[in-house]
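Each residue of the sequence shown is one higher than the one before, counting from 0 in numbering that gives the first Met the number 0.
Glycine included, each C-beta is placed from N, C-alpha and C at the ideal position.
Below is one structure, written out as structure tokens; the observations come after it.
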Amino acid sequence: MSGSTMRGGRTRKFKAEINVVPYIDVMLVLLVIFMVAAPLTNPSVINLPTAGKSTLPPTAYIDIALKPDARATIALKGPAAGKVDSAADRGDLTRKLQSLHDENPELPVMISADKDIKYDDVVQIISSAKKLGVTRVGLATK
């Protein structure tokens, strides 16, 4: 006789199947764990460094104050303080910065931007100051 015999004398074939129910249970538990753990990590949060006081701030500089409504003011600060000019747009600001830099080529530029202003606007002003030949450009902090 082949196979295993039972009391009734019938032959029984062994089934070679994988029982997948425990694997489904494990996968559902893992799915729940990942669903709970996913909101805990927030990749959009950035820890920005805090700026300390510089060792020796410049005594005289060209100050550019950027406001959120796309207006800006530009002025000389320090012992040779001059009148404050306002610029309606970025092109006007670049022209006024060019004239101030031509008169005072050794002065650094300090940019004080409102915290609600776009990052791109500040970078564009830094870039245009570098193109005009300004060697030192700083950002004002609290």
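Annotation: the continuous alpha helix (DSSP H) that includes residue 124 extends over 118-130.
Three or more Cβ pairs closer than 8 Å define a contact, and the segment 63-74 meets that threshold against the segment 112-127.
Under the three-pair Cβ rule at 8 Å, the segment 67-82 counts as touching the segment 92-112.
In this structure, the straight-line span from the alpha carbon of residue 33 to that of residue 25 is close to 12 Å. Shortest Cα-Cα distance from residue 77 to any of 86, 87, 93, 108 involves 108.
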